[in-house]
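Numbered per this note's numbering, the sequence shown spans residues 1 to 63. Glycine residues also receive a C-beta, built at the ideal position from the N, C-alpha and C atoms. Owing to the predicted nature of the structure, the values given are computational and were not obtained by experimental measurement. Structure first, commentary second.
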Amino acid sequence: MPIDPASDCKTARIYENVTTQQNASLRWLIAELVATFNVSTGEIYRHPQVSYKNPTEASTAVW
1 MPIDPASDCK TARIYENVTT QQNASLRWLI AELVATFNVS TGEIYRHPQV SYKNPTEAST
61 AVW
């Protein structure tokens, strides 16, 4: 989420760091994707890597 929630995400410059709880949920989700669809973690990307997004979005996500 942008630091300024009223700002447009395409114009927001910096996103907040991912929380510990968000990272825990992300690790669970990634594990489920890997197990269910038999994909490697190397095939899972952050939004900014595959589409037009602010480069800071999900930059602190860890899985």
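Skipping 5 residues on each side, what residues in its chain have a beta carbon closer than 8 angstroms to that of VAL18?
As a working note, residue 18 is residue 18 in the sequence shown. LEU26, ALA58, THR60, ALA61 and VAL62, listed in sequence order.
Where THR60 sits in the DSSP three-state scheme:
Here residue 60 refers to the residue found at position 60 of the sequence shown. THR60: coil per DSSP, three-state reduction.
Assuming GLU43 is part of the alpha helix (DSSP H), what are its boundary residues?
Residue numbering aside, residue 43 sits at position 43 when the sequence shown is read from its first letter. From DSSP, GLU43 is part of no alpha helix (DSSP H); its letter is neither H nor E.
Count the other CB atoms within 10 Å of the CB of TYR45; is the residue buried (16 or more) or exposed (fewer)?
Stepping through the sequence shown from its first residue, residue 45 is reached at position 45. TYR45 is exposed by the Cβ-count criterion.
Can the beta-carbon of TYR15 be found less than 8 angstroms from the beta-carbon of THR56?
The residue labelled residue 15 in the question sits at position 15 within the sequence shown. The residue labelled residue 56 in the question sits at position 56 within the sequence shown. Between TYR15 and THR56, the C-beta gap is smaller than 8 angstroms, which places the two residues in contact.
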